[in-house]
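Those protein sequences? They're chains A and B, same order as listed.
Oh and the first sequence: position 212 is 948 in the numbering used here, straight run, nothing missing.
Oh and the second sequence: position 356 is 411 in the numbering used here, straight run, nothing missing.
Idealized CB from N, CA, C, for every residue including glycine.
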Amino acid sequence: MRKLLYLLPLSLLFFVTACGDDDVQAEETAEVNLNFKATYDGDDFYTENIYKLFEGVDDTDIKFSTFDFFIGNVSLIKNVGEEFEETELLEIDFVSLSFDPGQAAQAEAGVTIQGRKVPAGTYDGIKIGFGVPADLNRTSPSEYGSGDVLSKTSHYWSGWDSYIFAKLEGLADHNGNGVFETSGVEEGFTYHMGTDETFTERTIFQTITLEVDEERTVNLNLDVRKLFRMTLSEYDQDDNDLLDVEDFPGTHTDAELQINKTMMNNFSDAVSLQE
Amino acid sequence: MRQWIIFFLLVTTLAAVGCGGDDDVQEVTDNDLTDIPYDPKTYEIIVPCDYPEMPIPADNPMTIDGFELGRHLFYDPILSADSTQSCSSCHLPSGSFTDNLPVSVGIDGIAGRRSSMSLLNIGYVTQDLFWDGRSATLEEQALLPVEDPIELHHSWPAVVEQLRRHESYPEMFRKAFGISNTNEITKELAAKALAQFERALVSSGQSRYDRWRCETGFLLTESEINGLLLYTNEDDDHPGCTHCHSREAQLFSDFTIKNNGLDSVGPTVEDLNNFIDKGLGEVTNNVFDNGKFRVPSLNNIAMTAPYMHDGRFNTLEEVIDHYSSGGKTSFNIDPNVHSFNLTTEEKEDLIEFLHTLTDTEFMNNPAFQNPFEE
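#1: In the stretch 926-944 of chain A, which residues sit with their C-beta less than 9 Å from some C-beta in chain B, listed in chain order?
#2: In or out: residue 398 of chain B buried (at least 16 other Cβ within 10 Å) or exposed?
#3: Threshold first: 3 residues or longer. Then list the beta strand (DSSP E) segments lying entirely within the stretch 936-963 of chain A, N to C.
#4: In chain order, what residues of the stretch 311-331 of chain B put their CB closer than 8 Å to some CB of chain A?
#5: Classify residue 991 of chain A as helix, strand or coil using the three-state DSSP reduction.
#6: Which partner residues does residue 855 of chain A have in the DSSP bridge list?
#7: Between residue 948 of chain A and the rest of its own chain, which residues show a CB-CB distance below 8 Å, the 5 nearest in sequence each way excluded?
#8: Starting from residue 181 of chain B, find everything on chain A with Cβ-Cβ shorter than 8 Å and list it in chain order.
#9: Under 8 Å by Cβ, that's how I've got residue 878 of chain A and residue 105 of chain B pegged, so tell me the actual separation to the nearest angstrom.
#10: Could you tell me the boundaries of the alpha helix (DSSP H) in which residue 407 of chain B lies?
#11: Excluding the 5 residues preceding and the 5 following residue 870 of chain A in the sequence, name in chain order all residues of the same chain whose CB lies nearer than 6 Å to its CB.
#12: Taking 9 Å as the CB-CB cut-off, is residue 297 of chain B touching chain A?
#13: Could you spell out where the beta strand (DSSP E) holding residue 902 of chain A opens and where it closes?
#14: Following the continuous beta strand (DSSP E) through residue 376 of chain B, name the residue where it begins and the one where it ends.
#15: In angstroms with no decimal places, state the Cα-to-Cα distance between residue 340 of chain B and residue 92 of chain B.
#16: Which residues in the same chain as residue 121 of chain B place their Cβ atom closer than 6 Å to its Cβ, once the five residues preceding and following it in sequence are excluded?
#17: Pull up the DSSP beta-bridge partners for residue 787 of chain A, would you.
#18: Cβ closer than 7 Å: which chain B residues qualify as neighbours of residue 787 of chain A?
#19: Can you pull out the residues from the stretch 89-116 of chain B whose beta carbon lies closer than 8 Å to at least one beta carbon of chain A?
#20: Tell me the residue span of the alpha helix (DSSP H) that contains residue 128 of chain B.
#21: Between which residues of its own chain and residue 160 of chain B is the CB-CB distance below 6 Å, once the five residues before and five after are set aside?
#22: Using a Cβ-Cβ cutoff of less than 7 Å, which residues in the same chain neighbour residue 782 of chain A once the five nearest sequence positions on both sides are dropped?
#23: For residue 197 of chain B, decide whether its Cβ has a neighbour in chain A, counting only Cβ atoms nearer than 9 Å.
#24: Between residue 305 of chain B and chain A, is any beta-carbon pair separated by less than 9 Å?
#25: Would you grab the beta carbon distance between residue 351 of chain B and residue 173 of chain B for me? Rounded to a whole angstrom, and I think it's under 8 Å.
#26: Strictly under 9 Å for the Cβ-Cβ distance: is residue 389 of chain B near chain A by that measure?
#27: Would residue 382 of chain B count as contacting chain A if we go by Cβ distances under 9 Å?
#28: With distance defined between alpha-carbon atoms, name the residue in B:259, B:229, B:284, B:391 nearest to residue 413 of chain B.
#29: If distances are taken between C-alpha atoms only, which option among B:312, B:212, B:345, B:313 comes closest to residue 323 of chain B?
#30: Rounded to whole angstroms, what's the CA-CA distance from residue 30 of chain B to residue 945 of chain A? Just pull it up for me.
#31: Which class does residue 324 of chain B belong to by DSSP, given the choice of helix, strand or coil?
#32: Would residue 387 of chain B pass as a contact of residue 784 of chain A if the rule is Cβ separation under 9 Å?
#33: Spatial neighbours of residue 171 of chain B within its chain, please: C-beta separation below 7 Å, excluding the five flanking residues on both sides.
#34: If distances are taken between C-alpha atoms only, which option among B:239, B:370, B:353 comes closest to residue 360 of chain B?
#35: Taking DSSP as the reference, what is the three-state secondary structure of residue 997 of chain A?
#36: Any Cβ of chain A within less than 9 Å of the Cβ of residue 254 of chain B?
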């Protein structure tokens, strides 16, 4: 009988330790957040701020009203032999860097996205997906409750059966009269990117050592001007390797789908890891 | 002098009793209510096919009694200082819960600055309520018109006192929220009840557009289909309506706040101060937000004229003419506003399509009508 009494607490102890996500809890973890900021050719990026798009070639003033994008399949990577092991930080989230000069404090702080806890240790880099991963892109906003990152009706287009992975909207003063116009002269641009094939991944190799219980913020910067890089000559502006915003102000026609793909691909080059 | 004081007290007492909209106020406001059963039953919001699930805040679950209390409060002029107006004075079912006026007029006969917004599917709006986005939730929003001097011009402490003394509201609050005593009736609970009623105001699924989407064999006319294509087409030469009035989830709004080019205030940043009604800018004190207003849903749009935040356009034709012109210049005009050309026939088709969003079944739903007229 006494043996049985010993067995009971032992078995209870076994139950307590066996239940739940023991693998995660038993590990020594660290927390990793991602902080996003934007610049424009080295300057701080603000919506409603005026920048030069084609300086020297075609002196076009440009200003933005919206810059936002989804990130998906973000993970830390570790070199194990000839392969890379991925530790997922987050599956999907949304980043809006649409801060005007009246929101300078927010712009300076950037947007911080909380990632999952990951095992402490040394990693060799971080992989970031720009857009909505294909499995999630098969869903649509009506399948999500308000507040869910994928419930954004503003970022889904049924014409593509796709989320709008990124939006870059603004006005460009093409006629150089110092006025940004939407009537008469067409000066608005609305680049809405999306579809599975444009999902872009970038792996940034840099040693990231995470101490146990550390809360680390990985700082990332996006240079918005680099999103306008255009290698396809038919959409190029005066052979300066930049998108012709005047003749191709959107990404909605079939022809402009090439712009859509290129701009999403440009995220790969536009993002950089900051100290 | 003493006679004057007695006379004054008599008059104020009479006024206090008379203003409540009910003649049967009780004298005591500290009544135990625990004899009244509290048995909350969930109010199921039935949404049409392919509408998203209605988000319900955890601290204000929908109940049948909560909805019913909210409906009574919504239609009861007890919420106004002189008991002449209720929420429904500016949000009438016959106008898809608008008043079909350019701007609403409060109890003192003072015209407000803005048009009342339709409450159809308002429960899906989980941020930036009002034209200027000043309230984050329906519960927050419901508190404001009562004390607005150009709306109901009452005070919540007075309203709460009237509700506590009322012959039927204490029981309704008990059934809705399980309070034990009349003195637990608060403005926050009243706002919760109003929010519950408002969340129930969802589409019936009987608009021509919803039936076309959901019913096999239900067809739109050729003109309506042409209009739908024009509405949806995002080529640069077309309206691009869906950029702001997103068709996704059938809600016909992306619920953002934008400057849609209604006023020409000048091209510079400084000129943004020239907006007479600054909209969001009035809330944020950020000049770049001046002239920005919430993108309303287009469900039942044909029933909610006049249009825009100040009711400046009487017809949908005028609205389309505005957008096809490319809007008026201001520094922060939304880039999605751009000029386009429609033939007369195309314009008619586009309007025909907008009429398919008319949901009279919703407006005539007996559950949403004035309970004091039943």
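So, from the listed chains and residues:
#1: 926, 928
#2: So residue 398 of chain B ends up on the exposed side.
#3: Correct list: 936-946, 951-959.
#4: 311, 316, 322, 324
#5: coil
#6: A:765
#7: Here the set comprises 764, 765, 766, 856.
#8: 882, 883
#9: 6 Å
#10: 399-410
#11: 932
#12: yes
#13: For residue 902 of chain A, the enclosing beta strand (DSSP E) covers residues 898-909.
#14: Run containing residue 376 of chain B: none in the beta strand (DSSP E); it sits in the alpha helix (DSSP H), 371-379.
#15: 49 Å
#16: 231, 248, 251
#17: A:798
#18: Here the premise fails: no neighbours, minimum Cβ distance about 14 Å.
#19: 105, 106, 107, 108, 110
#20: Here the alpha helix (DSSP H) through residue 128 of chain B covers 119-130.
#21: 166
#22: 835, 836, 837, 843
#23: no
#24: yes
#25: Right, the Cβ-Cβ distance comes to about 7 Å (below 8 Å), so this counts as a contact.
#26: yes
#27: yes
#28: B:259
#29: The option with the nearest alpha carbon to residue 323 of chain B is B:345.
#30: Summary: the structure shown does not reach residue 30 of chain B, with chain B confined to residues 56 through 429, and so no result is reported for it.
#31: Here residue 324 of chain B sits in coil by DSSP.
#32: yes
#33: 145, 146, 153, 154, 159
#34: B:370
#35: helix
#36: no
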